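J.: Before I ask anything, here is the structure I am working with.
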Amino acid sequence: MKYQRSSALFKEAQKVIPGGVNSPVRAFKSVGGEPVFVEKAKGAYLFDVDGNQLIDYINSWGPMILGHAHKPVVEAVVEKAQKGTSFGMPTEIETEIAALAVSMVPNIDKIRFVNSGTEACMSAVRLARGYTKKEKIIKFSGCYHGHSDSFLIQAGSGAITFGAPNSPGVTQGTAKDTLLAKYNDLNNVKEVIDANKGEIACIILEPVAGNMGCIPPAEGFLEGLRMLCNENDILLIFDEVMTGFRLAPGGAQELFGVDADIVTFGKVIGGGLPVGAFAARAEIMDYLAPIGPVYQAGTLSGNPLAMAAGLAMLTELNENRSVFESINKKTEYLHKGLEAALSAEGVAFTINRVGSMISVHFSSNPVIDFTSAANANNEMFNKFFHGLLAEGVYIAPSAFETWFICDALTYEDIDATVAACKKVAKDLK
Ligand SMILES: *Cc1c(COP(=O)(O)O)cnc(C)c1O
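Using our numbering, the letters of the sequence shown map in sequence onto residues 7 to 435.
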């Protein structure tokens, strides 16, 4: 495959955009090489600016669960655009999508829409702090909740007592209120809580981690967190930006049968437009302005185009619930195919999968948290990525990302992907 035009566009982009991209992972820094510039996409395929066709396993990092340029979504946006693109006043469609989301997701009465997953998680934490009148939060190493200051935290020297900034620009003052715990390690969470008795407002986590590859919650982990939260007056926040409207109509809460106190959304809920949302029981949500004291706002929140795309997407998922089973089956088929292809070549690997989220780590040990993900052979992953790309298969350009399967993907596409994987695996060792 040729990438001349992508390469030229990347050079131009770097002159006027930092690193040539508007979000870092797109720049291929982790896997090396230069990013592919996309021209258009349809169903399960990307068409790049050099005329290459790629099978897409990222699907805009999750939103395109029914495939790219899905007709009902596109039509809803086009129709809405003709009536004006933003008003800064209430519109009926906001209530329609809110009511639908509330009907699909367990344990929530009200929802507020924002413009990104970052905003949703940032606002959820503020709400939790306001509601509990406590200041510290617990997050897990390797979980991503967007780029707001409170989340850009790494383990500090006194990990049990406080974290440290992991980006310049995040203050020590902010870092001291974010406590880091180990994913899938309830004892560690208990230690952190005990060392900060009565000070913790919330625990936030990805109920299935998708930002260190795909890492499922260990048996009893989510239930254990629910109990610890109950015992210590802590709110449990499920960041369902990836898992919401993907693992089940009601997301991870429904799949695992564990209730969170606040849930955040993004990705699928916007059907590919910039949408995030956070939701909870009425007593918590009514703590928000304008009826409650916790401030949160947005000029373009509930934007009509974004709401039209989201409503079309959720309506499709709600009315055709067999989609969830269909994508799970396809992902299972992919899982088995990849497993066979890599085993045949004697490559050491671990495949984690929950529903339509899947990832490959080149490690013979179980990958259960950030440390085990980081200990995998990520050089080998980079070769794997570029090998697949050369065969027309586009997976996430980092070992620390999950793949997202869309329903437009066919079994023939998966067979072609597995064949590509077989070819690539031969050169991996
Ligand atoms: C993508 C993601 C976010 C951030 O959403 P943005 O829309 O990129 O701001 C937050 N949490 C999780 C789990 C995500 O996967």
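Backbone N, C-alpha and C fix where the C-beta goes; we use that ideal spot for every residue, glycine too.
Please read these numbers as outputs of a predicted model, since none were measured by experiment.
For R32, which residues from the same chain have a beta carbon less than 6 Å from its beta carbon, with the 5 sequence-adjacent residues on both sides left out?
T.: The sequence position of residue 32 within the sequence shown is 26, counting from 1. Only P41 meet the Cβ criterion.
J.: Does the distance from the C-beta atom of T138 to that of L234 stay below 8 Å?
T.: As a position in the sequence shown, residue 138 is number 132, starting the count at 1. As a position in the sequence shown, residue 234 is number 228, starting the count at 1. Their beta carbons are not under 8 Å apart, which means T138 does not touch L234 by this criterion.
J.: For D95, verify whether its CB is less than 7 Å away from any heavy atom of ligand 1.
T.: Residue mapping note: residue 95 aligns to position 89 of the sequence shown, counting from 1. First, the residue type needs correcting, since residue 95 is Met and not Asp in the sequence shown. For ligand 1, not one heavy atom lies less than 7 Å from the Cβ of M95.
J.: Could you tell me which uninterrupted alpha helix (DSSP H) segments, each at least 4 residues in length, are contained entirely in the stretch 259 to 319, listed from first to last along the chain?
T.: Counting whole runs of 4 or more residues, the stretch 259 to 319 contains the alpha helix (DSSP H) stretches 288 to 291.
J.: Looking only at its own chain, which residues have a Cβ that is under 6 Å from the Cβ of F53, when we skip the five neighbours before and after it?
T.: As a position in the sequence shown, residue 53 is number 47, starting the count at 1. E45, K46 and Q59, listed in sequence order.
J.: Can you tell me which of the three DSSP states V22 falls into?
T.: Locating residue 22 in the sequence shown gives position 16, where the first residue counts as 1. Three-state result, V22: helix.
J.: Which partner residues of P171 appear in the DSSP bridge assignment?
T.: Locating residue 171 in the sequence shown gives position 165, where the first residue counts as 1. Under DSSP, the beta-bridge partners assigned to P171 are I159.
J.: Less than 7 Å between the CB of R208 and some heavy atom of ligand 1, yes or no?
T.: One-based indexing of the sequence shown puts residue 208 at position 202. This sequence places Cys at residue 208; Arg is not what is there. Not so, every heavy atom of ligand 1 lies at least 7 Å from the Cβ.
J.: Do you know how far the Cα of P255 is from the Cα of R327?
T.: Residue 327 sits at position 321 when you count from the first residue of the sequence shown. Residue 255 sits at position 249 when you count from the first residue of the sequence shown. Each residue's Cα considered, the two are about 7 Å apart.
J.: Compute the Euclidean distance between the alpha carbons of V213 and E260, then round it to the nearest angstrom.
T.: Looking up residue 213 in the sequence shown gives position 207. Looking up residue 260 in the sequence shown gives position 254. Note on identity: in this sequence residue 213 is Pro, with Val being the wrong assignment. Straight-line Cα distance between these residues: approximately 11 Å.
J.: Buried or exposed: A130, going by 16 or more other Cβ atoms within 10 Å of its Cβ?
T.: If you number the sequence shown from 1, residue 130 lands on position 124. By the neighbour-count criterion, in which a residue is buried when 16 or more other Cβ atoms sit within 10 angstroms of its Cβ, A130 is buried.
J.: Determine the direct distance from the alpha carbon of Q160 to that of P171, and round the result to whole angstroms.
T.: Counting from one through the sequence shown, the residue named residue 171 turns up at place 165. Counting from one through the sequence shown, the residue named residue 160 turns up at place 154. Distance between the alpha carbons of P171 and Q160 is about 6 Å.
J.: Nearer than 7 Å: is that true of the beta carbon of N217 relative to any heavy atom of ligand 3?
T.: Among the ligands modelled here, namely ligand 1, ligand 3 does not occur.
J.: Could you please give me the residues that DSSP links to R118 through a beta bridge?
T.: Residue mapping note: residue 118 aligns to position 112 of the sequence shown, counting from 1. F284, per the DSSP bridge assignment.
J.: Does DSSP classify A207 as helix, strand or coil?
T.: The residue you call residue 207 lines up with position 201 of the sequence shown. Looking at A207 - three-state DSSP - the assignment turns out to be strand.
J.: Any heavy atom of ligand 1 closer than 7 Å to the beta-carbon of C127?
T.: Start at 1 with the first residue of the sequence shown, and residue 127 comes out as number 121. Indeed, a heavy atom of ligand 1 lies less than 7 Å from the Cβ.
J.: Does the Cβ-Cβ distance between G148 and C127 come in under 8 Å?
T.: Working through the sequence shown from its first residue, we reach residue 148 at position 142. Working through the sequence shown from its first residue, we reach residue 127 at position 121. Not a contact, by the Cβ cut-off of 8 Å.
J.: Quick check for students: name the residue ranges of the alpha helix (DSSP H) that lie wholly in the stretch 338 to 412, counting only runs of 4 or more.
T.: 376 to 380 and 384 to 396
J.: Would you kindly check if the distance between the Cβ of A224 and the Cβ of I357 is under 8 Å?
T.: Sequence index remark: in the sequence shown, residue 357 carries index 351 (1-based). Sequence index remark: in the sequence shown, residue 224 carries index 218 (1-based). Going by C-beta atoms, I357 is not nearer than 8 Å to A224.
J.: When DSSP labels each residue in this structure, what does A75 get in the three-state scheme?
T.: Residue 75 sits at position 69 when you count from the first residue of the sequence shown. The answer is coil: DSSP assigns A75 none of H, G, I, E or B.
J.: Hey, could you find the ends of the alpha helix (DSSP H) L192 is sitting in?
T.: On the sequence shown, position 186 is the one that residue 192 refers to. Where L192 is concerned, the enclosing alpha helix (DSSP H) stretches over L192 to A201.
J.: Under 6 Å Cβ to Cβ from K116, same chain only, skipping five residues before and after it: list those, please.
T.: Walking along the sequence shown from the start, residue 116 turns up at place 110. Excluding residues within five positions, the ones whose Cβ falls inside 6 Å are A288 and M291.
J.: Measure the alpha-carbon distance for A165 versus S365 and round it to whole angstroms.
T.: By one-based count along the sequence shown, residue 165 stands at place 159. By one-based count along the sequence shown, residue 365 stands at place 359. Confidence at A165 is low in this model, with a pLDDT of 48, below 50, so the placement of that residue should be treated as unreliable; the coordinate-derived value is given next. Distance between the alpha carbons of A165 and S365: 29 Å.
J.: For a minimum of 4 consecutive residues, which ranges assigned as the alpha helix (DSSP H) are wholly contained in the stretch 54 to 100?
T.: 77 to 87
J.: State yes or no: is the C-beta of W67 nearer than 7 Å to some heavy atom of ligand 1?
T.: Residue mapping note: residue 67 aligns to position 61 of the sequence shown, counting from 1. Correct: W67 has its Cβ closer than 7 Å to ligand 1.
J.: To the nearest angstrom, how far is the alpha carbon of T423 from that of F387?
T.: Here residue 423 refers to the residue found at position 417 when the sequence shown is read from its first residue. Here residue 387 refers to the residue found at position 381 when the sequence shown is read from its first residue. Going from the Cα of T423 to the Cα of F387 covers about 16 Å.
J.: Could you check which residue in E102, L15, N113 and V27 has the C-alpha nearest to that of A314?
T.: On the sequence shown, residue 314 is found 308 positions in, with the first residue counted as 1. When only C-alpha atoms are compared, the closest one is E102.
J.: Helix, strand or coil for K186, going by three-state DSSP, please let me know.
T.: For this step, residue 186 is matched to residue 180 along the sequence shown. First, the residue type needs correcting, since residue 186 is Leu and not Lys in the sequence shown. L186 falls in the strand class under three-state DSSP.
J.: Roughly how many whole angstroms lie between the Cα atoms of S370 and L323?
T.: What you label residue 370 is simply residue 364 of the sequence shown in a count that begins at 1. What you label residue 323 is simply residue 317 of the sequence shown in a count that begins at 1. One C-alpha to the other measures close to 37 Å.
J.: Mind checking N236: buried by the 16 CB within 10 Å criterion, or exposed?
T.: Taking the first residue of the sequence shown as 1, we reach residue 236 at position 230. That one is exposed.
J.: Cβ of D245 within 7 Å of any heavy atom in ligand 1?
T.: Here residue 245 refers to the residue found at position 239 when the sequence shown is read from its first residue. Correct: D245 has its Cβ closer than 7 Å to ligand 1.
J.: Which term fits T249, buried or exposed, when burial requires 16 or more other beta carbons within 10 angstroms of its beta carbon?
T.: Looking up residue 249 in the sequence shown gives position 243. Per the 10 Å Cβ criterion, buried.
J.: Relative to the C-alpha of F330, which residue among E100, L344, V353 and S362 is closest?
T.: Residue 330 sits at position 324 when you count from the first residue of the sequence shown. Comparing Cα positions, the closest option is S362.
J.: For T91 and A14, I'd like the C-alpha separation in whole angstroms.
T.: Along the sequence shown, read from residue 1 onward, the residue named residue 91 stands at position 85. Along the sequence shown, read from residue 1 onward, the residue named residue 14 stands at position 8. If you take the alpha carbons of T91 and A14, they lie about 33 Å apart.
J.: Do you know whose CA, among S307, M110, I210 and G49, lies nearest Y150's CA?
T.: To locate residue 150, count along the sequence shown from 1; it is residue 144. For Y150, the nearest C-alpha among the options comes from I210.
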